[in-house]
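Engineer:
Chains as they are written, first to last, in the numbering used here: chain F, 17 to 351; chain L, -17 to 38.
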């Protein structure tokens, strides 16, 4: 019975990963589709490929950090299940309200809440939660800063260039590189969060040796491959949704701005992945887009959307934590 | 008033305040961002002033 439950919870975690890819597909392929550099089906495969291959290029430090957020001695099937319920509920709830919340922060909040409900606050690794919490604010601000500096530099170079005719063509081609880089960063940072949760669950259930949590390289290959496959498949499925809905929203994008925003967001995600910091890819690209927009004029930025992101920052971790605490107590009461 | 300069200045303050509660090995991130945003705020304000003068 315990094995069946374990497989069920691992499956839920992988579905969470799939939905994450589905949700974020638009961030990766919007610009290349809008500017007709790639056909929608080609863009979807391009993004999914880089999502999948990320494990071979970037280190698995984020997975290792997420796995250690809760003391592995108290991690159980019920705890991870309650954590996932909290994260999924929070994602659905904020989607209904139209708040752009982060699935990554919801997952971390969910795990923290379930951990506190089971054994109290002392099982939460506060250093790691603190690192994640400060980067909720740093990652979009870093994306914004890099994107602003990049677009200003590019505009200056273009202004000085004598070959202005070829600029658009050059940036259309560069979009392939920037979209690939962003998809790589997205695959690395987001797939690793689920990887960390699955590893912690298997160590807690004594199906894996605790030594896999000691270094970032010790993660079993089947967990790595299944998480990257789930996010890549999610991206492919989410991409098809964009094929149907693309229209006015996407056609306003310019190749130069798209390249700068994606490159800045990718650089932020690479930095976070190298430092083992779980960050929200959606918030990072949102910050980068605001950076590009604010280089022209502040009124070009939709500040209503930006303020909603801030509310999502503030409430996601405590909100998901609260729901998973309630879920854990409900689960403990019925079992 | 230059709204962009105000926004950058607020971002600089947020980064400076956050660097206090950032784990020591990553504290430099907040400090570097605070300085960079402060520089951008000053540059943006100067840009705003020069545009206003040229419009007169």
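We treat Cβ as the ideally placed atom computed from N, Cα and C, and that holds for glycine. In this text, all values refer to a predicted model and were calculated from it rather than measured experimentally.
Between the alpha carbons of residue 309(F) and residue 341(F), how many angstroms are there, rounded?
Structural biologist: Here residue 309(F) refers to the residue found at position 293 of the first chain. Here residue 341(F) refers to the residue found at position 325 of the first chain. Roughly 40 Å between the two C-alpha positions.
Engineer: Taking Cβ-Cβ distances shorter than 7 Å, what residues in chain L pair up with residue 153(F)?
Structural biologist: Position 137 of the first chain holds residue 153(F). In chain order: -4, 0.
Engineer: In chain L, which residues lie less than 8 Å from residue 310(F) when you measure between Cβ atoms?
Structural biologist: In the first chain, the residue the question calls residue 310(F) occupies position 294. Result: -14, -11.
Engineer: For residue 91(F), which three-state DSSP category applies?
Structural biologist: Locating residue 91(F) in the first chain gives position 75, where the first residue counts as 1. Coil at residue 91(F), not helix or strand.
Engineer: What is the DSSP secondary structure of residue 53(F), reduced to helix, strand or coil?
Structural biologist: Counting from 1 along the first chain, the entry for residue 53(F) is found at position 37. In this structure, residue 53(F) counts as coil in the three-state DSSP scheme.
Engineer: Along chain F, which residues have their Cβ under 8 Å away from the Cβ of residue 31(L)?
Structural biologist: Within the second chain, numbered from 1, the residue matching residue 31(L) stands at position 49. Neighbours of residue 31(L) on chain F: none; closest Cβ ~16 Å, over 8 Å.
Engineer: Within its chain, find whatever has a CB closer than 8 Å to the CB of residue 249(F); leave out the 5 residues flanking it on each side and keep chain order.
Structural biologist: Within the first chain, residue 249(F) is the residue found at index 233, counting from 1. Excluding residues within five positions, the ones whose Cβ falls inside 8 Å are 34, 37, 64.
Engineer: Strictly by DSSP, which residues pair up with residue 140(F)?
Structural biologist: The residue you call residue 140(F) lines up with position 124 of the first chain. Answer is 86(F), bridged to residue 140(F).
Engineer: Buried or exposed, going by whether 16 or more other CB atoms sit within 10 Å of the CB of residue 202(F)?
Structural biologist: Mapped onto the first chain, residue 202(F) falls at position 186. By the neighbour-count rule (16 or more Cβ atoms within 10 Å), residue 202(F) is buried.
Engineer: Please list, in chain order, the residues of the region 133 to 157 of chain F that have any C-beta partner in chain L closer than 7 Å.
Structural biologist: 143, 146, 147, 150, 153, 154, 157
Engineer: So the candidates are 351(F), 71(F), 56(F), 149(F); which of them puts its Cα closest to the Cα of residue 239(F)?
Structural biologist: Position 223 of the first chain, counted from the start, is the residue given in the question as residue 239(F). The closest CA to that of residue 239(F), considering only 351(F), 71(F), 56(F), 149(F), is found on 71(F).
Engineer: Could you check the C-alpha separation between residue 86(F) and residue 138(F) for me, to the nearest Å?
Structural biologist: Here the question's residue 86(F) lines up with position 70 in the first chain. Here the question's residue 138(F) lines up with position 122 in the first chain. Distance from the CA atom of residue 86(F) to the CA atom of residue 138(F), rounded to whole angstroms, is 9 Å.
Engineer: Examine the ligand MN and report whether any of its heavy atoms sits within less than 7 Å of the Cβ of residue 23(L).
Structural biologist: Questions concerning the ligand MN fall outside what the structure shown contains, since it holds no ligand whatsoever.
Engineer: Counting only C-beta atoms, is residue 18(L) closer than 8 Å to chain F at any point?
Structural biologist: Numbered from 1 along the second chain, position 36 holds the residue referred to as residue 18(L). Yes, its Cβ sits closer than 8 Å to a Cβ of chain F.
Engineer: Do you know how far the Cα of residue 52(F) is from the Cα of residue 293(F)?
Structural biologist: The residue you call residue 293(F) lines up with position 277 of the first chain. The residue you call residue 52(F) lines up with position 36 of the first chain. Rounded to whole angstroms, residue 293(F) to residue 52(F) spans 34 Å at the Cα level.
Engineer: Does any residue of chain F have a CB that is nearer than 8 Å to the CB of residue 28(L)?
Structural biologist: The residue given as residue 28(L) occupies position 46 in the second chain. Output row for residue 28(L): interface = no.
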